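Protein chains in written order, with the numbering used here: chain A, 1 to 213; chain B, 1001 to 1486.
Cβ atoms here follow ideal geometry from the backbone N, Cα and C, with glycine treated the same way.
Values in this document were obtained by computation on a predicted structure and should not be read as measured data.
Step one of this worksheet: look at the structure below.
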């Protein structure tokens, strides 16, 4: 059964709030009496306990899938269709509802099973990603997993450490820059523009590269 | 920067652009640079500009802080990242319109050589090659051998010293004062002779070798090769520069540890420099001491490497702090230019001399004071106990004490003992190992305290004192109990 857009939005918000950020239960608040809530309750996606909304098993899975669709849509717009960052979220909000099961995995394959959305939050992996993990040769992968002489463009930087980020910025390791791997051992040596840099494994793991063959 | 924030890319709906405009509006003072630049720096959390604006216009600063916090909420990444990203976009746009690149040429000889220098298989042999020719042949044999011989034995031994002794015999006949200037440890006969005849040629040849190595671009390549090993001892490849400099002058290298990014790295590097890295002055005399004892030289090298790695490993386990990260630009290989090398060597030797020369005079005076007050006799007597413990004759306590005033004074004292036939092969090895590890010279001791603070400085020195004799004891015990003759 296909949920309506509003119901999907609610599941999405609820999933991010309770599962990803782990901020506990959600008070119903202004959504009380909305038909979408009733629909979710009746189809067994959510439960109401003392005016608080919690997931059922089925609802949690569905929520994760919607979040995945939203973030995949964001990557699609940002990377392939070149929509500017500030518009990405809004467009994706509408687009995610058009992505049905099956199509979402096709897009995931097209994008090379990305791990993070353009804003840096993780994309929940789907079945296709798990299968793909086993096969070698990712399209977007951390610099540490690349081979000597691999070429590509930096897809994104992912680090939680602002000091490390600052160092990477200082080297000019920014999304969109062409990068070539010169050496992997004992340190990672790569070329960006006309400069060569050496980094250790920890830093190489934070640079995600879209490989061009 | 306004061009960098091109309206087409976001225009006025862009939270960053809106905040930038508002912050500019709030700033009313003149800072000597454009308000936009100030606003951008504020958004990137530049601490200096933050403090400046906070001081000059506290009211506006409060509002601005609020605005920045709000802007940060619109992005998942730090604002500095977003701003850099846009700069890059704009730079790429300009470059793509203005620059055309020639077809890629075949890699030239220097590029190929650069790759070989980074190769882990060739790296080791190349390092040995550089150390052998740069350090052993050029600094050790030519600098510390040929040049020192000429300056010390001919220039000072035949001309300056006899002249000074005669001169002071005539103008300062009082024995005590005479000793200060022209005695066995006098300012002219020892202090200046050491500075000019021994330290100058060794340090000058070392700086020439170092400048050549530095200018080729070899050091960053060595750093990336050695990073994994240095991580085990709590350092990164970056520390290779102070460590290599330590072979020239550990005092100067201790100053250079400033360039290491974390306090933990600085403490570990300072400790290792104080303990296990012999300076060029010492190296020269030690090579001379162990000449004719190739096995002894091998034991000395192995023990030092083991102590270096073991101490570093232990320190990295004990000292708190986060794991360091390594990143470094690898410049293209270049042929060094003679004029650059000469200028660099000249300024370094000059700087070094201005710093160190007074220390020599001071050391001479302190030895003189120590001798006439009999304080040295007491210290030598105290030191003779640990010296006996490591299997050396009592007389070896003298070079150990003098070793503190200049590490190479000590080694030179041992050299005299060797010539007098007072030391056998095993004793020579134990003595050189212990003296190399022993407390740094007084200059390095003072710099260590200045750079790391009095508590850490004293702690490092105490550790080095105890540890050097423990290792000496251990080496002596092993040589004796396994009956190894050297």
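Residue 1453 of chain B (DSSP reduced to helix, strand or coil):
In the second chain, counting from the first residue as 1, residue 1453 of chain B sits at position 453. In this structure, DSSP gives residue 1453 of chain B a state outside helix and strand, which the three-state scheme calls coil.
Excluding the 5 residues preceding and the 5 following residue 149 of chain A in the sequence, name in chain order all residues of the same chain whose CB lies nearer than 6 Å to its CB.
To locate residue 149 of chain A, count along the first chain from 1; it is residue 149. For residue 149 of chain A, where only same-chain residues beyond five positions count, there are no Cβ hits under 6 Å.
Got a sec: which bits of the segment 175 to 202 of chain A sit with their beta carbon under 8 Å from any beta carbon on chain B, in order along the chain?
Under the 8 Å Cβ criterion, the segment 175 to 202 of chain A contributes 175, 176, 177, 182, 183, 185, 186, 187, 189, 195, 196, 197, 198, 199, 200 and 202.
Pull up the distance between the alpha-carbon of residue 1024 of chain B and that of residue 88 of chain A, whole angstroms please.
The residue you call residue 1024 of chain B lines up with position 24 of the second chain. The residue you call residue 88 of chain A lines up with position 88 of the first chain. Looking at the two C-alpha atoms, the distance is approximately 28 Å.
Check each residue of the segment 95 to 123 of chain A: if its Cβ is closer than 9 Å to any Cβ of chain B, include it; give the result in chain order.
The residues in question are 117, 118, 119, 120 and 121.
Find the residues of chain A that neighbour residue 1329 of chain B, judging by a C-beta separation of less than 9 Å, and give them in chain order.
The residue you call residue 1329 of chain B lines up with position 329 of the second chain. The answer, in chain order, is 171, 195, 196, 197 and 198.
What is the rounded straight-line gap between the Cα of residue 103 of chain A and the Cα of residue 114 of chain A?
Position 103 of the first chain, counted from the first residue, corresponds to residue 103 of chain A. Position 114 of the first chain, counted from the first residue, corresponds to residue 114 of chain A. The C-alpha of residue 114 of chain A is placed about 15 Å away from the C-alpha of residue 103 of chain A.
Select from B:1181, B:1241, B:1299 and B:1041 the residue whose C-alpha is nearest the C-alpha of residue 1084 of chain B.
Within the second chain, residue 1084 of chain B is the residue found at index 84, counting from 1. Checking every option, the nearest Cα to that of residue 1084 of chain B belongs to B:1041.
Under 7 Å, do residue 1208 of chain B and residue 1071 of chain B count as touching if we go by C-beta distance?
The residue given as residue 1208 of chain B occupies position 208 in the second chain. The residue given as residue 1071 of chain B occupies position 71 in the second chain. Not in contact: residue 1208 of chain B and residue 1071 of chain B (Cβ atoms no closer than 7 Å).
Check each residue of the segment 1075 to 1088 of chain B: if its Cβ is closer than 8 Å to any Cβ of chain A, include it; give the result in chain order.
Those residues of the segment 1075 to 1088 of chain B that come within reach of chain A (Cβ to Cβ, closer than 8 Å) are 1075, 1076, 1077, 1078, 1080, 1081, 1084, 1085 and 1088.
Using 8 Å as the threshold, is the segment 60 to 67 of chain A in touch with the segment 3 to 13 of chain A, meaning 3 or more CB pairs across them?
The answer is yes - the segment 3 to 13 of chain A touches the segment 60 to 67 of chain A, with three or more Cβ pairs under 8 Å.
Ordered along the chain, which non-local residues of its own chain (more than five positions away) have a Cβ less than 7 Å from that of residue 1313 of chain B?
Reading the second chain from its first residue, position 313 is the one you call residue 1313 of chain B. Excluding sequence neighbours, residue 1313 of chain B sits near 1232 and 1233.
Residue 76 of chain A CB to nearest chain B CB: under 7 Å?
Here the question's residue 76 of chain A lines up with position 76 in the first chain. At a cut-off of 7 Å, the C-beta of residue 76 of chain A has no neighbouring C-beta in chain B.
Cβ contact check for the segment 1033 to 1051 of chain B and the segment 1063 to 1083 of chain B: 3 or more pairs under 8 Å
At 8 Å Cβ cutoff, the stretches touch.
Which residues does DSSP pair with residue 142 of chain A in a beta bridge?
Here residue 142 of chain A corresponds to residue number 142 of the first chain, with the count starting at 1. In the DSSP output, where bridge partners are listed per residue, residue 142 of chain A has A:208.
Cβ closer than 9 Å: which chain B residues qualify as neighbours of residue 142 of chain A?
Here the question's residue 142 of chain A lines up with position 142 in the first chain. The contacting residues do not exist; residue 142 of chain A stays about 15 Å from chain B at best.
Which residues, in order along the segment 1378 to 1405 of chain B, keep a beta-carbon less than 9 Å from a beta-carbon of chain A?
With the criterion set as a beta carbon lying under 9 Å from some beta carbon of chain A, the segment 1378 to 1405 of chain B has no members that meet it.
Separation of residue 1267 of chain B from residue 1299 of chain B, as counted between CA atoms:
The residue you call residue 1299 of chain B lines up with position 299 of the second chain. The residue you call residue 1267 of chain B lines up with position 267 of the second chain. When rounded, the distance between both Cα atoms is 28 Å.
Could you tell me whether the Cβ atoms of residue 123 of chain A and residue 71 of chain A are closer together than 7 Å?
Counted from its first residue, the first chain places residue 123 of chain A at position 123. Counted from its first residue, the first chain places residue 71 of chain A at position 71. Pairing residue 123 of chain A with residue 71 of chain A gives a Cβ-Cβ distance under 7 Å.
Ends of the alpha helix (DSSP H) at residue 64 of chain A?
The residue given as residue 64 of chain A occupies position 64 in the first chain. Unbroken alpha helix (DSSP H) run through residue 64 of chain A: 57 to 75.
Name the one or two DSSP bridge partners that residue 1059 of chain B has.
To locate residue 1059 of chain B, count along the second chain from 1; it is residue 59. DSSP lists no partner for residue 1059 of chain B.
Since residue 125 of chain A meets chain B, which of its residues come closer than 9 Å, beta carbon to beta carbon?
Within the first chain, the letter at position 125 stands for residue 125 of chain A. None at all; the shortest Cβ gap to chain B is about 19 Å.
Does DSSP classify residue 152 of chain A as helix, strand or coil?
Numbered from its first residue, the first chain carries residue 152 of chain A at position 152. For residue 152 of chain A, the secondary structure class from DSSP, reduced to helix, strand or coil, is strand.
What separation, rounded to the nearest whole angstrom, lies between the Cα atoms of residue 176 of chain A and residue 1101 of chain B?
As a position in the first chain, residue 176 of chain A is number 176, starting the count at 1. As a position in the second chain, residue 1101 of chain B is number 101, starting the count at 1. Taking the straight line from one Cα to the other gives about 18 Å.
Where does the unbroken beta strand (DSSP E) through residue 1024 of chain B begin, and where does it stop?
For the purposes of this step, residue 1024 of chain B is identified with residue 24 of the second chain, where counting begins at 1. First-last for residue 1024 of chain B: 1015 to 1026, but that is the alpha helix (DSSP H), not the beta strand (DSSP E).
Tell me the DSSP secondary structure of residue 1007 of chain B in three-state form.
By 1-based counting over the second chain, the position of residue 1007 of chain B is 7. Annotation note: pLDDT 42 at residue 1007 of chain B (below 50); position unreliable, no value reported.
Cα-Cα separation, residue 136 of chain A to residue 73 of chain A
Residue 136 of chain A sits at position 136 when you count from the first residue of the first chain. Residue 73 of chain A sits at position 73 when you count from the first residue of the first chain. Note that residue 136 of chain A scores 44 on pLDDT, short of 50, meaning its location in the model is unreliable; the coordinates nonetheless yield the value given after this. For residue 136 of chain A and residue 73 of chain A, the distance between alpha carbons rounds to 25 Å.
Taking Cβ positions only, does residue 147 of chain A come closer than 7 Å to chain B?
Counting from one through the first chain, the residue named residue 147 of chain A turns up at place 147. No - not a single Cβ of chain B is within 7 Å of the one on residue 147 of chain A.
For residue 207 of chain A versus residue 173 of chain A, is the C-beta distance shorter than 7 Å?
Numbered from its first residue, the first chain carries residue 207 of chain A at position 207. Numbered from its first residue, the first chain carries residue 173 of chain A at position 173. With a cutoff of 7 Å on beta-carbon distance, residue 207 of chain A and residue 173 of chain A are scored as near each other.
I'd like to know if residue 35 of chain A contacts chain B, where contact means its C-beta is closer than 7 Å to some C-beta of that chain.
In the first chain, the residue the question calls residue 35 of chain A occupies position 35. Residue 35 of chain A has a beta carbon lying at 7 Å or more from every beta carbon in chain B.
Would you call the segment 1087 to 1099 of chain B and the segment 1184 to 1193 of chain B in contact, with 3 or more CB pairs under 8 Å?
With the cut-off at 8 Å, the segment 1087 to 1099 of chain B and the segment 1184 to 1193 of chain B do not touch.
Under 7 Å between the Cβ atoms of residue 1483 of chain B and residue 1430 of chain B?
Position 483 of the second chain holds residue 1483 of chain B. Position 430 of the second chain holds residue 1430 of chain B. No, they are not a contact pair.
Would residue 1448 of chain B pass as an interface residue toward chain A - the criterion being a Cβ-Cβ separation below 7 Å?
As a working mapping, residue 1448 of chain B is identified with position 448 in the second chain. For residue 1448 of chain B, the nearest beta carbon of chain A is not closer than 7 Å to its own beta carbon.
Pairwise C-alpha distance: residue 1329 of chain B and residue 178 of chain A
Position 178 of the first chain, counted from the first residue, corresponds to residue 178 of chain A. Position 329 of the second chain, counted from the first residue, corresponds to residue 1329 of chain B. Going from the Cα of residue 178 of chain A to the Cα of residue 1329 of chain B covers about 17 Å.
Sheet register partners of residue 1029 of chain B (DSSP bridge)
Here residue 1029 of chain B corresponds to residue number 29 of the second chain, with the count starting at 1. In DSSP, residue 1029 of chain B forms no bridge with anything.
Taking 7 Å as the threshold (beta carbon to beta carbon), is residue 1192 of chain B in contact with chain A?
Walking along the second chain from the start, residue 1192 of chain B turns up at place 192. Chain A, which has no Cβ nearer than 7 Å to the Cβ of residue 1192 of chain B, makes this no.
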